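Asks: As they're listed, the protein sequences go chains A and B. Using the working numbering, read the first sequence as starting at 564 and increasing by one per residue. Using the working numbering, read the second sequence as starting at -1 and increasing by one per residue. A virtual CB, placed ideally from N, CA and C, is assigned to each residue, including glycine. Here the structure is a predicted model, which means the values were calculated and not measured. Take a look at the following structure, please.
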Amino acid sequence: MLGEFHPALGNADWAAVWLTFRLASLVTVILIVVGTPIAWWLARTRSKWKGVVGAVVALPLVLPPTVLGFYLLIAMGPHGPVGQFTQWLGIGLLPFTFPGLVVASVFYSLPFVVQPVQNAFEAVGERMLEVAATLRANPWDTFFTVVLPLAKPGFITAAILGFAHTVGEFGVVLMIGGNIPGKTRVVSVQIYDHVEAMEYAEAHVLAGGMLLFSFLVLLALYSRKGAVSWK
Amino acid sequence: MTTLEAIHARFQVIWPGFTLDVDLDLPGRGVTALFGHSGSGKTTLLRCIAGLERQGSGSLHFKGEVWQDRERGVFLPTYQRPIGYVFQEASLFPHLSVRKNLDYGRKRVNGGHKVSLDHAVELLGIGHLLDRMPDRLSGGERQRVAIARALATSPELLLMDEPLASLDLKRKGEILPYLERLHDELEIPVCYVSHSPDEVARLADHVVLLAEGRVRAQGGLRETLARLDLPTAFTEDAGVVIEAVVADHDEAYHLTRLDFPGGSVVVARRPEAVGRRLRFRVHARDVSLALARAEGTSIANLLPATVTEIADADTPAHVLVRLDAGGTPLIARITRRSRDHLHVMPGAPLWAQIKAVALLG
């Protein structure tokens, strides 16, 4: 049933692993940059839009990835607003490209970064900001010298979760990226292909690797001092 | 008091269930106590002065500089006001050592350091704590570091929001002497929020009494505390503060005589040398009145005085009698019946019998 056992990974497998790693790293960096201002706004605002924005950010937590992927595909397609914009910019269409995958993954993993960072910002508290202001620190200065250092554990949690969640995505990738070797075929899709082709041995190696990776990531996360601060 | 020396503050803050509406001229020197019960608006007023409350309208002129003026559209944000602020809880930055906490504000101030870091560290007695992290400090030590941190910015105005309230009695006693040294050694005007009459009596030169968001009385410490027309809430603890000089020690009986304008009192032996100044508080409930100088009494402190004013006290059974003892005001709390029996009325000469005095410091 298992077929002939090949402990080593083939070239296509390694390409998928490398692509997955590049995708998750890039997405994590973008998420920290994009997610931090959103988290700051959500942590500090008294606007009536807080609930709406918070709910939109959290949507990927509950939506089936196919639904998210479907709408992103439409938006980035030739008739969608994003597609029209990217064509106008002269970079063509995003679906079935690596950049398209990056954009989709950013949406998909956004709550996993925003929520821990938002919680960390909220935990810093208003008082610390007031103290810094009475000590002559302007708001930017306060952000970099007081808020960021105090929120560091939240950022570490956010980066780990954002990276791991991007590594683990499947549905959105299939909807947006398809299955182009070296461009959009990530590990989860590669496993799917192996299983389709009855190559269970190869599937075993990749799936086992993912299992081990995910466990180690979560182990690192839950063993940290102060445990996990995300809801 | 010219405008160049004074602080003029006018604030109006309206929140659901609370309104602060004050218009104040504060002296540009010494310690001004903002005194009142919780909910009286004293902390809100302090936060307005610091620029921490942006709601509401107001103006703030500090020694001729405009910090805030609604009509002119001026609002200096907190970080541009030359203030030091000590919060009720020490609020040290937990990720920085004591030394880095002290440096935080200091290195963000350009120009003249009127207060050197060494002086602030020495004043507050925290030299041995510099390399510790805040979570390794006791409550009293933390508050001392917070005060030194505020001083290290060489503020032109020091704002303190009940810096002792979160501490137990022992820690309070540990910090009060440092606060007195600030008062004696630095020329920085201080606004000090407190609800403790003893703290106010010990530290303040000037008092602003707040109740329900409004100023009920203000003025010099002695005159203000000796007023009778204040809300009942204050008269429960009515009394006066007297500034005296150590005149003489009686080694045989272990007593010390303190002189003040209008008389003297004898108290248990004090460690202070002859000539030192001391403040003490006389509670209205510790003063009784007699028509003649009492003989054969164990009360040693008898002062001739004249009644100046009579007012209602906190209970219908009592009245407060304000007296003038040779220039020093006193308040006595006596029963309404005694008032009638002794025919106490303004102008009447009497003897005040002081049962106890509370020495401050």
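According to the neighbour-count rule (16 or more other Cβ atoms, all chains shown, within 10 Å of its Cβ), is A/T729 buried or exposed?
Replies: The residue is buried, with at least 16 neighbouring Cβ atoms inside 10 Å.
Asks: Look at the alpha carbon of A/L781 and the alpha carbon of A/R787, and state the distance between them as a whole number of angstroms.
Replies: For A/L781 and A/R787, the distance between alpha carbons rounds to 10 Å.
Asks: With the cut-off set at 7 Å, would you say B/G28 and B/I5 are in Cβ contact?
Replies: No, the Cβ-Cβ distance between B/G28 and B/I5 is not below 7 Å.
Asks: Hey, could you find the ends of the beta strand (DSSP E) B/P362 is sitting in?
Replies: Outside the shown range of chain B (-1 to 359) lies residue 362 of chain B, about which nothing can therefore be said.
Asks: Between A/T591 and the rest of its own chain, which residues show a CB-CB distance below 6 Å, the 5 nearest in sequence each way excluded?
Replies: These residues qualify, in order along the chain: A722, G725 and F726.
Asks: For A/L713, which of B/L94, B/L115, B/A290 and B/E160 has the nearest alpha-carbon?
Replies: Here the closest residue by C-alpha is B/L94.
Asks: Are A/F684 and A/W612 touching if we call contact CB-CB under 7 Å?
Replies: Their beta carbons are not under 7 Å apart, which means A/F684 does not touch A/W612 by this criterion.
Asks: Do B/R267 and B/H252 have their beta-carbon atoms positioned less than 7 Å apart in this structure?
Replies: It is a contact, given that the beta carbons lie within the stated cut-off.
Asks: Can you name the residues of chain B whose CB is closer than 9 Å to the CB of A/E546?
Replies: Outside the displayed span of chain A (564 to 794) sits residue 546 of chain A, for which this structure offers no information.
Asks: Classify A/W545 as helix, strand or coil using the three-state DSSP reduction.
Replies: This structure does not reach residue 545 of chain A, given that chain A is present from 564 up to 794, and the question cannot be answered.
Asks: For my contact list, B/V107 and B/L156 are in at a C-beta cut-off of 8 Å; report their separation, rounded to the angstrom.
Replies: At roughly 14 Å, the Cβ-Cβ gap does not stay under 8 Å, so B/V107 and B/L156 are not in contact.
Asks: Could you check whether the Cβ of A/P627 sits closer than 7 Å to any Cβ belonging to chain B?
Replies: Not closer than 7 Å to any Cβ of chain B, the Cβ of A/P627 fails to qualify, so no.
Asks: Does A/L698 get closer than 7 Å to chain B when you measure Cβ to Cβ?
Replies: Yes, contact with chain B.
Asks: Report the rounded CA-to-CA distance for B/G15 versus B/L32, giving the unit in angstroms.
Replies: Between B/G15 and B/L32, the C-alpha separation is close to 21 Å.
Asks: With DSSP run on the structure shown, which of helix, strand or coil describes B/E154?
Replies: Coil at B/E154, not helix or strand.
Asks: Measure the alpha-carbon distance for A/N639 versus A/Q647 and round it to whole angstroms.
Replies: A small correction: the amino acid at residue 639 of chain A is Met; Asn does not occupy that position in the sequence shown. So the alpha carbons of these two residues sit roughly 8 Å apart.
Asks: Within 7 Å (strictly less), CB to CB, does A/R787 reach chain B?
Replies: So no, A/R787 is outside the interface.
Asks: Name the chain A residues whose beta carbon is nearer than 7 Å to that of B/Y83?
Replies: Within 7 Å Cβ-Cβ: T697.
Asks: How is B/A266 classed by DSSP in three states: helix, strand or coil?
Replies: Strand.
Asks: Looking only at its chain, what residues have a beta carbon closer than 8 Å to the beta carbon of B/M343, apart from the 5 residues adjacent to it on each side?
Replies: The answer, listed in chain order, is V305 and I308.
Asks: Where DSSP assigns a beta bridge to B/H6, which residues make up the other side?
Replies: Answer by DSSP bridge pairing, in chain order: B/D23 and B/H59.
Asks: Hey, is A/E689's beta-carbon within less than 7 Å of any beta-carbon in chain B?
Replies: For A/E689, the answer is no, since every Cβ of chain B falls outside 7 Å of its Cβ.
Asks: Can you find at least 3 beta carbon pairs, one from the region 694 to 701 of chain A and one from the region 618 to 630 of chain A, that sit closer than 8 Å?
Replies: The region 694 to 701 of chain A is not in contact with the region 618 to 630 of chain A.
Asks: Taking only the alpha-carbon atoms, compute the straight-line gap between B/R140 and A/L769 and give it to the nearest angstrom.
Replies: Cα to Cα, the separation comes out at about 54 Å.
Asks: Considering Cα atoms alone, identify which of B/Y77, B/G237, B/F278 and B/V239 is closest to B/R255.
Replies: Checked all of B/Y77, B/G237, B/F278 and B/V239; the closest Cα to B/R255 is B/F278.
Asks: Using a Cβ-Cβ distance under 7 Å, would B/V107 count as near chain A?
Replies: Yes, B/V107 lies at the interface with chain A (some Cβ there is under 7 Å from its Cβ).
Asks: Just reading off the alpha helix (DSSP H) that A/G646 is part of, what are its end residues?
Replies: Unbroken alpha helix (DSSP H) run through A/G646: P644 to L652.
Asks: If B/F85 sits next to B/D159, beta carbons under 8 Å apart, how far is it from one beta carbon to the other, in whole angstroms?
Replies: About 6 Å; that satisfies the 8 Å criterion.
Asks: Any contact of the region 643 to 657 of chain A with the region 579 to 593 of chain A, i.e. 3+ C-beta pairs under 8 Å?
Replies: Short answer: they don't touch.
Asks: Please determine, among A/P662, A/V597 and A/Q681, the residue with the shortest C-alpha to C-alpha distance to A/R748.
Replies: Selected option, being the one with the closest Cα: A/P662.
Asks: Report back the beta-carbon spacing between A/L673 and A/P658 to the nearest angstrom; my notes put them in contact at under 8 Å.
Replies: No, A/L673 and A/P658 are not in contact; Cβ-Cβ is about 19 Å, not under 8 Å.
Asks: When the Cα atoms are used, what is the spatial distance from B/I240 to B/V280?
Replies: Roughly 8 Å between the two C-alpha positions.
Asks: If we count the other Cβ atoms within 10 Å of its Cβ and call it buried at 16 or more, is B/P269 buried or exposed?
Replies: Answer is exposed; the Cβ neighbour count stays below 16.
Asks: Put B/G71 into one of helix, strand or coil per three-state DSSP.
Replies: Of the three classes helix, strand and coil, the one that applies to B/G71 here is coil, per DSSP.
Asks: With 16 other CB atoms within 10 Å as the buried threshold, where does B/I12 fall?
Replies: B/I12 should be labelled exposed.
Asks: In terms of residue numbering, what span does the beta strand (DSSP E) encompassing B/A245 cover?
Replies: That run of the beta strand (DSSP E) goes G237 to D248.
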